[in-house]
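A quick write-up on the structure given underneath.
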Amino acid sequence: MNFIAQVEDHLRDLGSEARKKHPGVKEASERAILTLRSLQSQYVSAVRRNSANGSPHPSTSLFRSQDVLRPFLLACNYPDANAKLLGIGLNAIQLLLSGDAVCIDDSTHIIR
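Residue 209 in the numbering used here is what sits at position 75 of the sequence shown, and the numbering runs on without skipping anything.
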């Protein structure tokens, strides 16, 4: 499964788990899915452009966006979040970190 699909799956899981108790997380995950799709189309354009030029494909660092990270941080910062919500959030943050899709400025929010 590719990086984008994994992140989108985490966002969908997070939204469905947070649906009743944490509507802010659900809304943030829905906005993040829209942002992710926009970033995906930009990535596809960059791949096509680089393929035509013979340049290497862009990295997943193109997906650095606070909007994609925000729902996972929100979920992990709720004091009454259940274990499943926390697990989804932490796994997704780890995926974003390993994919180099987290802005340097956001690292302080993750550590906190």
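The beta-carbon is built from N, C-alpha and C at its ideal position, and this holds for glycine as well.
All values reported here derive from a predicted model rather than from experimental measurement.
Exercise. Out of S195, I222, G158, which has the shortest C-alpha to C-alpha gap to S232?
Worked result: Within the sequence shown, numbered from 1, the residue matching residue 232 stands at position 98. Out of S195, I222, G158, S195 has the C-alpha closest to the C-alpha of S232.
Exercise. Any idea if G188 is buried or exposed, counting beta-carbon neighbours within 10 angstroms, 16 or more meaning buried?
Worked result: The residue given as residue 188 occupies position 54 in the sequence shown. Burial call: exposed.
For this session: Would you kindly work out how many angstroms separate the C-alpha atoms of A162 and H191, rounded to a whole number?
Result: By one-based count along the sequence shown, residue 162 stands at place 28. By one-based count along the sequence shown, residue 191 stands at place 57. Between A162 and H191, the C-alpha separation is close to 29 Å.
Exercise. With a cut-off of 8 Å, do at least 3 Cβ pairs link the region 166 to 179 to the region 209 to 226?
Worked result: no
Exercise. How should A186 be labelled, buried or exposed, when 16 other C-beta atoms within 10 angstroms of its C-beta is the threshold for buried?
Worked result: As a first step, residue 186 is located in the sequence shown; it is residue number 52 there, counting from the start. Exposed: under 16 other Cβ atoms inside 10 Å.
Problem set entry | Cβ contact check for the region 197 to 206 and the region 218 to 230: 3 or more pairs under 8 Å | yes
Exercise. From I244, C237, R146, pick the residue whose C-alpha is nearest to that of R198; which is it?
Worked result: Counting from one through the sequence shown, the residue named residue 198 turns up at place 64. The residue with the shortest Cα to Cα distance from R198 is C237.
For this session: Drop a sphere of 10 angstroms on the beta-carbon of L170, count the other beta-carbons inside from all chains shown, and report buried for 16 or more, exposed for fewer.
Result: Taking the first residue of the sequence shown as position 1, residue 170 is located at position 36. The residue is buried, with at least 16 neighbouring Cβ atoms inside 10 Å.
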